[in-house]
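Read top to bottom, the protein sequences are chains A and B.
The opening residue of the first sequence carries number 109 in our numbering; numbering runs sequentially from there.
The opening residue of the second sequence carries number 276 in our numbering; numbering runs sequentially from there.
All C-beta atoms, glycine included, are put in the ideal place defined by N, C-alpha and C.
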Amino acid sequence: MVGAVTDIIPAFDSVTVMYDPLKMPPSHVSTLESLATWVRTTAAACRGPGPTAAVRAVEVPVTYGGQNGPDLEFVAGQMGVTAEEVIRIHSQATYVVAAVGFLPGFAYLTGLPARLQLARRTTPRTKVPKGSVAVGGPYTGIYPVASPGGWHILGATAMELFNPVGPAACCLRVGDRVRFVAGSA
Amino acid sequence: MTLIVEKSGMVTTVQDLGRPGQRGVWSEVGGLPEGGAVDRLSARVANLLVGNIEGAAVLECALVGPVLTFSESRRVALTGARVPTLPYAEAFVIEAGGQLDLTRIGSGVYTYLAVAGGVDVPLVFGSRATDVRLGFGGLAGRPLSPGDRLPLGPVPAKPTIKHDSPVAAIGAWYDTQVPIRVVGGRDGDRCKTDWLQQSYRMSSRLDRMGVRLDGAAVQCAAPADGPSAVVLPGTIQLPGDGQPIVLLADAQTLGGYPQLGHVIQADRHRIAQLRPGSEVRFQQVSVGEAHRLLHKLDRELAFLRTGLQLKGGTRGG
């Protein structure tokens, strides 16, 4: 029944296993149970520290503030610190990709320092530019394409995360470690 | 050989069976929506009728279809929502220089036009489907515009099929008297309202991502912006205003709203074709029953496929 599995999607505290019932024999009840057993067994074997070779460290160059980061001053005001301090806090942390989705290549990064965790904008922007580096609630992330969005934009990166027509872009995978490096893009 | 777009219609897009299996760990990018035809069953049948593979690229026409000119003669077939003035669910030929007017879509939401050879646009992530929201696939990642020229693939090397239209079988697949079957979602039990007992109307707020339902607001104990979880075509979400959203083909891959349930795969083509304003009722079934219904539909499609191939073989030429 493992051959019936069509996708495996880890996201935060869950793993979704998609399967094609047509690739199972019609006596589906027993095969569904054996699929569930396979999922449980595999999940149990994954407990504890995973294989470290699979964890990649990715550095993302960011130009903070100005036109690239229209919300930097607002966030600094909310926190009662300078814009430089916001940049320092955001770029000193190491983040972990907890999920990829919502948009193709959009990585939800966990590990945002508590002081930077702010409520999302009350009115989402109709267009957040591609490459924007933003914070929203407990997460930070990079918009791989232009999209409506309610997160606070701190800066922008030239790193290509999604390019449907060009060569394969860099992509972030669940478990990757990410750091933001302040500088000119 | 090209199709020339004279009028674009409301939202006409190139679609196929989409990009399954590219949301998670096996994808280069991750988080790719499945996309493709909102009513996959109609797209598959239309292709079968003209001798294409079932996953060939077709035109999906929403509510008001396009007007097209053919630069040379091709076999075509229409399925899904009916255009009353044209043959339904049977192949017919448009001659060179001829026009096909799909403006008047009389029932349902999506009409599918298959042309022998399929629409030949480049594959993006393994599919020709247009993702309008993200702007890729199909023709430059957007709906058709007047003046567009759509390249067509070579006509499949099959005999011309003269067959009886499978229209009766298709009618049964879209029976509006049967409720839309769902399996339970993670938050369905946390709702104070028994949402399954209510009837809803399809609202006019619909697109390829999803449709909002109008009805008495559903009260749910689950937070309106909880941790994001995987959502799929068919997932029924409940935003803060209590009006459920049924996600369709272009659904994003993660969502934070409570999840009431999921429309079963065997009924997705049915909800996709319900017009704004029409009533919709739901019925919960077990996962086993959902599997049984999908196997049943697959057998019926196989029967239709075999029938077409037999007739193609015996009466071809």
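Cutting at 8 angstroms between CB atoms, please list the residues of its own chain near T227/A, excluding the five before and the five after it. Looking at the sequence shown, residue 227/A is not Thr but Ala. Spatial neighbours of A227/A in its own chain (CB-CB distance under 8 angstroms, excluding positions within 5 residues in sequence) are listed in chain order as G245.
In chain B, which residues lie less than 9 angstroms from T234/A when you measure between Cβ atoms? Correct list: empty, because the minimum Cβ distance to chain B is about 13 angstroms.
Interface residues of chain A facing W470/B [CB-CB closer than 9 angstroms]: Simply none; closest approach about 22 angstroms.
In the segment 175-213 of chain A, which residue ranges form an unbroken beta strand (DSSP E) of at least 3 residues, counting only runs that do not cross its ends? 203-208
Cβ-based burial, E335/B [other Cβ within 10 Å; buried from 16]: buried
Any contact of the segment 297-304 of chain B with the segment 414-430 of chain B, i.e. 3+ C-beta pairs under 8 angstroms? no
Out of curiosity, what's the CA-to-CA distance linking A119/A and T218/A? Cα-Cα distance, rounded: 12 angstroms.
From Y385/B to G263/A, what distance separates their C-alpha atoms? 42 angstroms
Using the beta-carbon count (16 or more within 10 Å), is C495/B buried or exposed? buried
Distance, Cα to Cα, H198/A vs F288/A? 7 angstroms
Candidates T360/B, T354/B, T510/B and T528/B: which alpha carbon is nearest G446/B's? T354/B
Could you check if P397/B is buried or exposed, using at least 16 other CB atoms within 10 Å of its CB as the buried criterion? exposed
So, with DSSP's three-state summary, where would you put A112/A? helix
Three-pair Cβ contact test at 8 angstroms for the segment 482-489 of chain B versus the segment 508-528 of chain B: Segments in contact, yes.
How about P454/B and F345/B: are their beta carbons less than 7 angstroms apart? no
Answer yes or no: does any C-beta atom of chain C fall closer than 7 angstroms to that of P426/B? The chain labelled as chain C is not found among the protein chains of the depicted structure, namely A and B.
Exposed unless 16 or more other CB atoms sit within 10 angstroms - verdict on Q548/B: buried
For G293/B, which residues from the same chain have a beta carbon less than 7 angstroms from its beta carbon, with the 5 sequence-adjacent residues on both sides left out? E309, G310, G311, S402, A404 and A524
Partner residues on chain B for P237/A, Cβ-Cβ distance less than 7 angstroms: Per Cβ cutoff of 7 angstroms: no residues; P237/A is ~14 angstroms from chain B at best.
Where does F210/A land, buried or exposed, given buried means 16+ other C-beta within 10 angstroms? buried
Identity of the residues DSSP links to L535/B by a beta bridge: Its beta-bridge partners do not exist; DSSP assigns none.
Do V208/A and G392/B count as a contact pair if the criterion is CB distance below 7 angstroms? Result no, Cβ atoms of G392/B and V208/A do not sit closer than 7 angstroms.
For chain B, find out if any of its Cβ atoms is closer than 7 angstroms to the Cβ of D179/A; answer yes or no. no
Extent of the continuous alpha helix (DSSP H) run through V320/B: Under the DSSP assignment, V320/B falls in the alpha helix (DSSP H) whose first and last residues are R315 to L324.
Separation of G111/A from L583/B, as counted between CA atoms: 30 angstroms
Helix, strand or coil: how does DSSP classify V562/B here? helix
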